[in-house]
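Number of protein chains: 2
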Amino acid sequence: MPNKTEEEKRAIQEAKLLKKKAVVDERIAKATIERGVSILLTGNGKGKSSSAFGTMARALGHGRKCAVVQFIKGRTETGEQKFFGALPDVEFHVMGHGFTWETRNPELEQKAAEQAWELAKGLLANPEVDFVLLDEVTYMYKYGYLQVEDLLAALESRPKHQNVMMTGRTAPRALLDSVDTHSKIANERHAFASGVKAQEGIEW
Amino acid sequence: MPNKTEEEKRAIQEAKLLKKKAVVDERIAKATIERGVSILLTGNGKGKSSSAFGTMARALGHGRKCAVVQFIKGRTETGEQKFFGALPDVEFHVMGHGFTWETRNPELEQKAAEQAWELAKGLLANPEVDFVLLDEVTYMYKYGYLQVEDLLAALESRPKHQNVMMTGRTAPRALLDSVDTHSKIANERHAFASGVKAQEGIEW
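These protein sequence lines are chains A and B, in that order.
Each residue of the first sequence is one higher than the last, beginning at 1 in the UniProt record's numbering.
Each residue of the second sequence is one higher than the last, beginning at 1 in the UniProt record's numbering.
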């Protein structure tokens, strides 16, 4: 068989694209429900919290009111807190006991988790908040500090337009089954493994 | 065998955590190289561009100078452009021909890709830019508009402290092999498939 000419190749590519377009068009025509969504980001790869913060920036660009509850207190001054915490349209709460390997204290962690959840519950019931980010919330279920049923109930009864994002390495089955969107971020490679030191502006 | 008491369970958990801590401590001690990193986000899941924008917000929180080149022009007014484009510390370029299914024009797309790359190359050579985001750049290699070797050379010779993030569904092998960090975002579920309409503040 003779080789295809450039023109023939292009025609085949065009036909493929048109076929793809038909599939996409059909899906778009079917997607007519207008409401807020729940989005969960899990996995061991870099990018879960930053993806949620990037989506929040998008919401802010469209004038939405946003709120963040960070369930684990890490470093003192994170870039996300310095940046978003200063904005009038963002309510930014860093909760958690300030967990470190050296100062583990399950009682204080339990109490901090409950306080963070009280805050989160209020935000999930507030129609003035358009976008809620519950950062690293899934660890609370893993460690048994909070009950996932309470989260599911709050998500279910939240204002219809409200978008919610949640992050954490792993999540309980019930949460995985209930969210609208779930992306799992796999670590294919990390600079840290090649000896590059973690740095502000990237890791925090 | 008798069941473990709560105290015994806690002691086992503590021992596990201490073991984990030793591994983490050793890795931290080994990661001593201080330099900018190249980060690639691929995969079919939601969250690639938003993760890059969230990391950029983190960099901005620490006072870094940032620059964005979007290689594909999508909607007219995206939230990320409205939000970040207004900031003094961000240089924001939306490039690309404005690809739509209806108005495909390979010649114009080729030209737009080259113009975007000229801009990107300048940023990757500029020591005053701390963070460069090349959004959806990998499609340029997939469609053959740009050569990945040019990107690799520019990444290799860029200022040592500069962090670079790149996004796109798939990436050429040479790029996958060269970046410091690579996360792959898998689509586990998407609201769109359940009939929920794409919305501003989330998808754009």
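Backbone N, C-alpha and C fix where the C-beta goes; we use that ideal spot for every residue, glycine too.
Using a C-beta cutoff of 8 Å, does Val37(A) count as contacting chain B?
-> Any Cβ of chain B closer than 8 Å to the Cβ of Val37(A) would place that residue at the interface, and such an atom is present.
Those residues which DSSP pairs with Phe131(A) across a bridge = Per DSSP, the beta bridge partners of Phe131(A) are Cys66(A) and Asn163(A).
Going along chain B in order, which residues have a C-beta closer than 9 Å to the C-beta of Ile185(A)?
-> In chain order: Leu41, Gly43, Gly45, Gly47, Ser51, Ser183, Lys184, Ile185 and Ala186.
Counting Cβ pairs, one atom from each stretch, are 3 or more of them under 8 Å apart for the segment 183-190 of chain B and the segment 40-53 of chain A?
-> They touch, by the three-pair rule.
Buried or exposed for Asn163(A), please, with buried defined as at least 16 other CB atoms from any protein chain shown within 10 angstroms of its CB.
-> The C-beta of Asn163(A) has 16 or more other C-beta atoms within 10 Å across all chains shown, which makes the residue buried.
Starting from the beta carbon of Ala198(A), find every residue of chain B whose beta carbon is closer than 9 Å, and list them in chain order.
-> Residues of chain B whose Cβ lies closer than 9 Å to the Cβ of Ala198(A) are, in chain order, Ile28 and Ala31.
Distance between Lys197(B) and Glu203(B) (C-alpha atoms, nearest Å) | In a straight line, the C-alpha of Glu203(B) is about 10 Å away from that of Lys197(B).
My understanding is that Val132(B) touches Leu123(B), with C-beta atoms under 8 Å, so please give their C-beta distance in whole angstroms.
-> Separation of the CB atoms of Val132(B) and Leu123(B) is rounded to 5 Å, and the pair is thereby assigned contact status at 8 Å.
Reduced DSSP secondary structure (H/G/I, E/B, other) of Ala171(B) = Per DSSP, reduced to three states, the secondary structure at Ala171(B) is coil, with no helix or strand assignment.
Own chain residues within Cβ distance below 6 Å of Val85(B), not counting five before or after | Strictly speaking, residue 85(B) in this sequence is Gly, with Val absent from that position. Excluding residues within five positions, the ones whose Cβ falls inside 6 Å are Phe92.
Spatial neighbours of Gly45(B) within its chain, please: CB distance less than 6 Å, with the 5 preceding and 5 following residues excluded, ordered by chain position.
-> Counting only Cβ-Cβ distances below 6 Å, and skipping sequence neighbours, we find Ile185, Ala186 and Asn187.
Identified DSSP bridge partners for Thr42(B) | Answer is Lys184(B).
Might you give, ordered along the chain, the residues of its own chain that have their beta carbon closer than 6 Å to the beta carbon of Val129(B), omitting 5 neighbours on each side?
-> If we look at Val129(B) and ignore the five residues flanking it on each side, its Cβ neighbours are Lys65, Ala67 and Leu123.
Quick one: which unbroken alpha helix (DSSP H) runs of 4-plus residues sit fully inside the segment 69-94 of chain B? Chain order, please.
-> For the segment 69-94 of chain B, whole alpha helix (DSSP H) runs of length 4 or above, ordered along the chain, are 79-84.
Taking Cβ-Cβ distances shorter than 8 Å, what residues in chain B pair up with Gly79(A)?
-> Chain B residues near Gly79(A): Ala57, Arg58, Ala59, Leu60, Gly61 and His62.
Nearest residue (CA-CA) to Ala31(A), options Ala112(B), Ser194(B) and Pro159(B) = Here the closest residue by C-alpha is Ser194(B).
For Gln70(A), count neighbouring Cβ atoms within 10 angstroms of its own Cβ and tell me buried if that reaches 16, exposed if not.
-> Buried.
Measuring CA to CA, which of Arg169(A), Pro172(A), Thr170(A) and Met165(A) is closest to residue 218(A)?
-> This structure leaves residue 218(A) out entirely; chain A is present only between 1 and 204.
What residues in the segment 83-116 of chain B bring their beta carbon closer than 8 Å to a beta carbon of chain A?
-> Listed in sequence order: Phe83, Phe84, Trp101, Arg104 and Pro106.
Residue-level contact to chain A via CB, Ser178(B), 8 Å cutoff | By this cut-off, Ser178(B) is not an interface position.
What residue does the alpha helix (DSSP H) around Ser49(A) start on, and which one ends it?
-> Going by DSSP, Ser49(A) is part of the alpha helix (DSSP H) stretching over Lys48 to Gly61.
Can Lys73(B) and Gly36(B) be called in contact, C-beta distance under 8 Å?
-> No, the Cβ-Cβ distance between Lys73(B) and Gly36(B) is not below 8 Å.
Alpha helix (DSSP H) containing Tyr145(A): first to last residue?
-> Neither: Tyr145(A) is in no alpha helix (DSSP H) and is coded neither H nor E.
Compute the Euclidean distance between the alpha carbons of Ile60(A) and Met140(A), then round it to the nearest angstrom.
-> The question names Ile, yet the displayed sequence has Leu at residue 60(A). Whole-angstrom Cα-Cα distance: 27 Å.
Name the two residues that bound the continuous alpha helix (DSSP H) containing Val24(B).
-> That run of the alpha helix (DSSP H) goes Glu6 to Lys30.
Do you know how far the Cα of Ala22(B) is from the Cα of Ala29(B)?
-> For Ala29(B) and Ala22(B), the distance between alpha carbons rounds to 11 Å.
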